[in-house]
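Comments concern the structure below.
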Amino acid sequence: MSQTKQAFEKHVLCIGAGYVGGPTMAMIAAKCPTYKVTVVDINEARIAAWQTDELPIYEPGLLEVVQEARGRNLFFSTDVEAGIKEADIIFVSVNTPTKTFGRGAGKAADLQFWEKTARQIRECSTSSKIVVEKSTLPVRTAEAMARILNWGEKATDIHFEVLSNPEFLAEGTAIADLKMPDRVLIGGAETPRGAAAVQDLVDLYAHWVPRERILTTNVWSSELSKLAANAMLAQRISSVNALSALCEATEADIDEVGRAIGSDSRIGPKFLRASVGFGGSCFKKDILNLVYLCEHYGLKEVASYWEQVVKINRYQRGRFVDRMITCMFNTVVGKKVAVFGFAFKADTGDTRESPAIYVCRELVDERAAVTVTDPKALPNAKRDLADIADQITWESDPYKAAEGAHAIAILTEWKEYAELNYERIFEVMEKPAFVFDGRNILDAEKLHRIGFNVYPIGKAPKTHIGEESEI
Ligand code: NAD
Ligand code: UGA
10 MSQTKQAFEK
20 HVLCIGAGYV
30 GGPTMAMIAA
40 KCPTYKVTVV
50 DINEARIAAW
60 QTDELPIYEP
70 GLLEVVQEAR
80 GRNLFFSTDV
90 EAGIKEADII
100 FVSVNTPTKT
110 FGRGAGKAAD
120 LQFWEKTARQ
130 IRECSTSSKI
140 VVEKSTLPVR
150 TAEAMARILN
160 WGEKATDIHF
170 EVLSNPEFLA
180 EGTAIADLKM
190 PDRVLIGGAE
200 TPRGAAAVQD
210 LVDLYAHWVP
220 RERILTTNVW
230 SSELSKLAAN
240 AMLAQRISSV
250 NALSALCEAT
260 EADIDEVGRA
270 IGSDSRIGPK
280 FLRASVGFGG
290 SCFKKDILNL
300 VYLCEHYGLK
310 EVASYWEQVV
320 KINRYQRGRF
330 VDRMITCMFN
340 TVVGKKVAVF
350 GFAFKADTGD
360 TRESPAIYVC
370 RELVDERAAV
380 TVTDPKALPN
390 AKRDLADIAD
400 QITWESDPYK
410 AAEGAHAIAI
420 LTEWKEYAEL
430 NYERIFEVME
440 KPAFVFDGRN
450 ILDAEKLHRI
460 GFNVYPIGKA
470 PKTHIGEESE
480 I
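Under our numbering, the residue at position 3 of the sequence shown is numbered 12, and the numbers go up by one with no gaps.
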């Protein structure tokens with residue numbers, strides 16, 4: 010090991026080889042060839058997959074970046090202890106899900122994985138280290154981390170400097186986001202040691218990120234900025250989704266409204282796409298964490314303000330299913346519904362908190378015959394719906410999924426779903442044939458001409474059978 014130690018300028022370790030740890034470390038290794046980057050995880054299957062070309066997560070462009078560095082200065086291992094001993098800088102990128110038990114259940118972050126990691130770093134370390142919070146954590150977690158790390162007699166020999174460096178990548182575009190981030194945020198203690206540690210991390214990112222995009226702040230601002238950024242992004246979606254309900258009631262068109270408001274340079278055009286609801290592992294979890302923090306500090310009004318973002322998201326999903334049932338003559342019992350897309354967004358196989366989970370469950374409750382298709386997410390979808398898997402049919406080919414279906418529900422904005430041959434699909438469906446476009450990716454006018462009854466989000470439907478009130 011001492012030979013390796015001399016061969017590299019710095020040793021970077023990442024604990025947690027998930028959606029964040031894997032891609033971020035692959036990028037650091039690719040851009041910093043003089044740094045040795047090791048990614049460790051307790052999940053053996055995940056680590057084994059990172060060592061092959063069948064990576065454990067699907068992310069466009071990721072394999073190429075991994076292949077560039079793997080075996081050169083990027084390594085994957087289950088030996089957490091050896092990794093800790095060798096490291097100068099340790100990124101902690103373990104999962105921080107919402108707590109499901111005890112105090113704060115359903116809102117607070119479950120910090121057990123994070124705390125176990127902190128204790129393990131302390132136990133295994135034989136030299137001083139910079140410990141970087143990469144996971145998304147409640148404000149002032151770094152303080153607790155520093156206490157665990159620097160507690161007891163070890164503190165006299167070695168020192169752990171804790172930094173906050175939240176990750177802002179989005180799945181599906183992770184590689185582009187990592188290559189050219191809008192910003193890299195580094196929070197450190199306002200002490201000489203803190204400043205030196207911040208500089209070490211700035212030097213790492215400066216290998217490829219323009220200096221003016223590397224922001225340094227105090228630790229608490231950095232921790233809070235991550236929660237705040239996700240809350241504000243999700244808030245935009247809930248705002249536009251709330252307006253989509255009003256559009257459907259008034260025959261305004263949410264895409265036109267979005268274009269009009271997004272042209273205001275103060276608002277901007279991004280993140281204004283109405284949908285069946287936002288999903289993903291983080292938006293809901295991070296907002297609820299923010300809500301919990303506000304409640305903890307006695308800020309009831311602030312807490313309920315942010316909680317509303319999650320409530321509207323739930324409402325939007327429920328509204329989508331209600332509309333399906335109402336439009337299909339108030340019953341879907343025994344009717345085949347082809348669900349196009351299960352991933353929480355396009356270009357990922359990730360299904361965590363996907364609106365499709367909720368929509369499928371509600372349709373099965375209503376005794377519809379649900380068939381799910383998705384180009385990348387079927388394995389995860391089967392796990393998510395394992396308890397009702399026998400009531401669902403899984404189909405990789407969307408044309409086959411549509412055979413004999415009364416309705417198609419578009420739940421993920423996969424580009425290929427916009428490019429299907431809908432004349433062919435219409436032929437094989439039951440009539441009247443319905444399309445509920447939960448992502449507004451289809452040409453509603455064209456589908457209507459083919460013969461479909463089309464229900465986009467936040468727009469007047471295009472039907473051949475009249476509105477439900479006339480049925
Ligand atoms: P993930 O579940 O995909 O990966 C976390 C990994 O940590 C798992 O493989 C797990 O086995 C491992 N782990 C847990 N405890 C461990 C331990 N004691 N030792 C070694 N490994 C351990 O999670 P993720 O999506 O990568 O998210 C990680 C963090 O990053 C979360 O806090 C999340 O909020 C944040 N984040 C996620 C994204 C995203 O797009 N997924 C983006 C920005 C920030
Ligand atoms: C989001 C943030 O965009 C990242 O900056 C952040 O790092 C990450 O969360 C995190 O902390 O985990 P991600 O969840 O991967 O990234 O994907 P997004 O592109 O933000 O999409 C989230 C959800 O919102 C998806 O279900 C997407 O379909 C939906 N969405 C997005 C809309 O419904 N409308 C939009 O206009 C945009």
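The C-beta atom is built at its ideal place from N, Cα and C for all residues, glycine as well.
Proximity test, residue i beta-carbon vs the ligand NAD heavy atom, cut-off 6 Å
i: D356; result: no
i: I24; result: yes
i: N52; result: yes
i: V103; result: yes
i: R55; result: yes
i: C291; result: yes
i: Y28; result: yes
i: K108; result: no
i: E404; result: no
i: F122; result: yes
i: E425; result: no
i: E180; result: yes
i: S134; result: no
i: T145; result: yes
i: K125; result: yes
Continuous beta strand (DSSP E) stretch holding residue i: start and end
i: S86; result: L83 to S86
i: T225; result: I223 to N227
i: V101; result: I98 to V101
i: N462; result: N462 to P465
i: W123; result: Careful: W123 lies outside any beta strand (DSSP E), inside the alpha helix (DSSP H) at Q121 to C133.
i: T150; result: Looking at the DSSP string, T150 is not in any beta strand (DSSP E); the run it does join, the alpha helix (DSSP H), is T150 to L158.
i: H457; result: Taken as a continuous stretch (DSSP letters only), H457 belongs to no beta strand (DSSP E), being part of the alpha helix (DSSP H) at A453 to I459.
i: K345; result: K345 to F349
i: T484; result: Nothing about residue 484 can be reported from this structure: the residues present for the chain run from 10 to 480 only.
Run of the alpha helix (DSSP H) containing residue i, from where it starts to where it stops
i: V141; result: Where V141 is concerned, there is no enclosing alpha helix (DSSP H), although the beta strand (DSSP E) it sits in stretches over K138 to E142.
i: L297; result: F292 to H305
i: F435; result: Y431 to V437
i: W59; result: E53 to W59
i: I419; result: Counting along the chain, I419 falls outside any alpha helix (DSSP H), though it belongs to the beta strand (DSSP E) covering A416 to I419.
i: S266; result: This sequence places Val at residue 266; Ser is not what is there. That run of the alpha helix (DSSP H) goes I263 to G271.
i: V444; result: Looking at the DSSP string, V444 is not in any alpha helix (DSSP H); the run it does join, the beta strand (DSSP E), is F443 to D446.
i: V285; result: Per DSSP, V285 belongs to no alpha helix (DSSP H) and is neither H nor E.
i: G161; result: Note, G161: premise wrong, no alpha helix (DSSP H); not H, not E.
i: E425; result: K424 to A427
i: E90; result: V89 to E95
i: K40; result: G30 to K40
i: V218; result: Premise fails: V218 is in no alpha helix (DSSP H) and is neither H nor E.
i: E77; result: L71 to A78
Residue(s) in a DSSP beta bridge with residue i
i: S173; result: E142 and G196
i: K309; result: In the DSSP output, where bridge partners are listed per residue, K309 has none listed.
i: D331; result: Looking at the DSSP assignment, D331 forms no beta bridge with any residue, so it has no partner.
i: R112; result: Per DSSP, none; premise fails for R112.
i: V46; result: V21 and L83
i: K409; result: According to DSSP, which records beta bridges pairwise, K409 is partnered with nothing at all.
i: K471; result: V463
i: T107; result: A118
Residue i: CB within 6 Å of a non-hydrogen atom of the ligand UGA
i: G327; result: no
i: A251; result: no
i: F84; result: no
i: I246; result: yes
i: N174; result: no
i: N239; result: yes
i: F287; result: yes
i: L242; result: yes
i: S234; result: no
i: A192; result: Before going on, a small fix: residue 192 reads as Arg here, not Ala. Checking the Cβ of R192 against the ligand UGA gives no.
i: F351; result: no
i: S284; result: yes
i: F100; result: no
i: F445; result: no
Short CB-CB distance (under 7 Å) between residue i and chain B
i: E142; result: No chain B appears in the structure shown, which is made up of a single protein chain.
Runs of beta strand (DSSP E) wholly within the region 178-204 (minimum 3 residues, chain order): You should have 193-197.
Beta strand (DSSP E) segments (min. 3 residues) lying fully within the region 358-388: 378-382
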